[in-house]
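K.L.:
Take the sequence shown: its position 336, counted from the start at 1, is 959 in our numbering, and no numbers get skipped. Just so it is clear, CB atoms sit at the ideal spot from N, CA and C, and this is done for glycine as well. Because the structure is a prediction, the values reported are computed rather than measured.
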Amino acid sequence: MSDWMAVEANYYMHVVRRQPIVLVKGQGTTVWDETGKEYLDFTGGWAVNNIGHCHPAVVNAVTEQAQTLMQTSNAYYTIPQLKLAQLLVDNSCLDKVFFCNSGAEANEGAIKLARKYGRLHKNGAYEIITALNSFHGRTLAMIAATGQPQYQQNFQPLAPGFVNVPYNDIEAIKAATSDNTCAVMIEPVQGEGGVNVPTESYHKELRKWCDENEIVLIMDEVQTGMGRLGSLFGYEKFGIEPDIITLAKGLGNGVPIGAFMSKLKTSVFEPGDHGSTFGGNVLTCAAAHAAAQVIIEENISQQAQETGEYLAGVLDSLKLRHSNIREVRGMGLLRAIEFTDDLAPVVVAAANNEGVLLNAVRPNAVRIMPPLTITREEIDTGVARIEAALAKI
Ligand SMILES: *Cc1c(COP(=O)(O)O)cnc(C)c1O
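So this is what it looks like as structure tokens:
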């Protein structure tokens, strides 16, 4: 293990403080390091492996496609891309889709689409309102969209045209709206910002405000999409229909793929407006189609809903036994434990030792985002390991 850590230290840009674990294998909810130690993956490959690590349907789709055709130009039709497009459109309130390679890139595309809509239909309105504590990705435009100063300050000047306002505060959005506003981009539930669930009426009021003022409502579903919140898409939980959504993390169940989807009204791109060499690639689309088919046909979203309730109950009783837990919160299988102090990094390290992978989403909070296929037994085991970790700090 120390060898790989030394290689990293010598060769890899130091952009993340890694845990001292070299992962070599995964199956379902379990991953193994190079010493053979086993962990329950409560990070789900970062909310990516929604149907578990190395799901056979995805492995088979990748294997078969890799032996057949891996890449063509988008100058030609390819079948996995179109099958995936059809599946996503048929199972959502959106009408058209574009595939790209990551969440940040999906959001960039969504912003371009909204700006073109503003240009065509709203006197050139270009401004995008986003939330503080949001996370929309690491590209230059997306750090301007992401309302977290620590991601922005070293990279000035920021891309213009983004306004960051408090989350879950409809009055703040109203106050920030001007003739220049073309869109609001918002997460159904904030993920990287600490698992922040808005009040029930927030998204409904936002939808109403956007309708009244001809503002495009973009939902960043990069983390909440594909079943995570207990419905296939997060917007369903809030009883509204956005104009545009973006997807990535759980879409490919481990292969890098992103997407943005739009209602017909806002689907204003024409040939030449947008593109991507790898976007809609046959290999990633074959994998994502296989994964999405499993999620839809096996109703994995409903499973996430039920298992999520179970996890919430187990965490509530954990809280009763530990006075240093201030709050447990979340929705579906996106949950957080908030502590009374900045304990998250030591809890994560101790939990790793006990055999469960966790994310310190805030200095005082850990996030749980396991595969949606996690069993109740795995939840019991994983939370028992977290409790053993808490006993040692
Ligand atoms: C992870 C994430 C992104 C960025 O996705 P990348 O694939 O890392 O570019 C954007 N939005 C949300 C809500 C995310 O959770």
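Just tell me which of Tyr933, His744, Leu1013 and Tyr825 has its CA closest to the CA of Gly853.
P.N.:
When each option's Cα is compared against that of Gly853, the closest is Tyr933.
K.L.:
By alpha-carbon positions, which one of Asp626, Glu687 and Glu657 ends up nearest to Cys908?
P.N.:
Among Asp626, Glu687 and Glu657, the Cα nearest to that of Cys908 is on Glu687.
K.L.:
Would you kindly work out how many angstroms separate the C-alpha atoms of Asn724 and Pro879, rounded to a whole number?
P.N.:
Approximately 6 Å, taken between the alpha carbons.
K.L.:
Relative to the alpha-carbon of Gly1005, which residue among Thr889, Ser824 and Val654 has its alpha-carbon at the smallest distance?
P.N.:
Taking only the C-alpha atoms, the option nearest Gly1005 is Val654.
K.L.:
For the region 894-912 against the region 745-760, are there 3 or more C-beta pairs whose distance is under 8 Å?
P.N.:
These segments do not touch.
K.L.:
Ser899: beta carbon under 8 Å from a heavy atom of ligand 1?
P.N.:
No, ligand 1 has no heavy atom inside 8 Å of this Cβ.
K.L.:
Checking 9 Å against the spacing of the C-beta atoms, do Leu995 and Ser924 come in under that value?
P.N.:
Going by C-beta atoms, Leu995 is nearer than 9 Å to Ser924.
K.L.:
Give the secondary structure of Ile752 by DSSP, where H, G and I count as helix, E and B as strand, and everything else as coil.
P.N.:
Correct three-state label for Ile752: strand.
K.L.:
Which runs of the alpha helix (DSSP H), 4 residues or longer, sit entirely within the region 960-988?
P.N.:
Taking only runs of at least 4 residues, the alpha helix (DSSP H) segments lying wholly in the region 960-988 are 967-977.
K.L.:
Which whole-angstrom value is the C-beta distance of Arg985 and Ala967, which I expect to be below 8 Å?
P.N.:
Contact holds; Cβ gap of about 6 Å.
K.L.:
Could you spell out where the alpha helix (DSSP H) holding Glu1000 opens and where it closes?
P.N.:
Where Glu1000 is concerned, the enclosing alpha helix (DSSP H) stretches over Arg999 to Ala1014.
K.L.:
Is Ala670 near ligand 1, judged by its Cβ being under 8 Å from some heavy atom?
P.N.:
True, at least one ligand heavy atom lies under 8 Å from that Cβ.
K.L.:
Could you name the residues of the same chain whose beta carbon sits closer than 7 Å to that of Asp1027, not counting the 5 residues immediately before and after it, in chain order?
P.N.:
Since the first residue of the chain shown is 624 and the last is 1016, residue 1027 is not available in this structure.
K.L.:
Do you know offhand how far Val645's Cα is from Glu631's?
P.N.:
Near 11 Å, if we compare the C-alpha coordinates of Glu631 and Val645.
K.L.:
Among Trp669, Gln813, Phe722 and Thr804, whose alpha-carbon lies nearest the alpha-carbon of Asn697?
P.N.:
With distances taken between Cα atoms, Asn697 lies closest to Phe722.
K.L.:
Straight-line CA distance for Asn787 to Asn819?
P.N.:
If I take the Cα positions, the gap works out to 16 Å.
K.L.:
Just to confirm the assignment: which complete beta strand (DSSP E) runs, minimum length 3, are found wholly within the region 640-680?
P.N.:
Those beta strand (DSSP E) runs which fall completely within the region 640-680 and span 3+ residues are 646-650, 653-656 and 661-664.
K.L.:
With a threshold of 8 Å (Cβ to nearest heavy atom), would Ala727 be considered close to ligand 1?
P.N.:
Yes, the Cβ of Ala727 comes within 8 Å of a heavy atom of ligand 1.
K.L.:
I think Val671 touches Asn876, with their Cβ atoms under 8 Å apart; what is that distance to the nearest whole Å?
P.N.:
Right, their Cβ atoms sit about 7 Å apart.
K.L.:
Give the DSSP-derived three-state secondary structure of Lys745 in the structure shown.
P.N.:
In this structure, Lys745 counts as coil in the three-state DSSP scheme.
K.L.:
How is the alpha helix (DSSP H) around Glu920 delimited, first residue to last?
P.N.:
From DSSP, the alpha helix (DSSP H) with Glu920 extends over Val905 to Glu920.
K.L.:
Is there at least one non-hydrogen atom of ligand 1 closer than 8 Å to the beta-carbon of Thr847?
P.N.:
Indeed, a heavy atom of ligand 1 lies less than 8 Å from the Cβ.
K.L.:
Take Glu1010 and list the residues in its own chain whose beta-carbon comes closer than 7 Å to its own, dropping the five residues that flank it on each side.
P.N.:
So the qualifying residues of the chain are Leu941.
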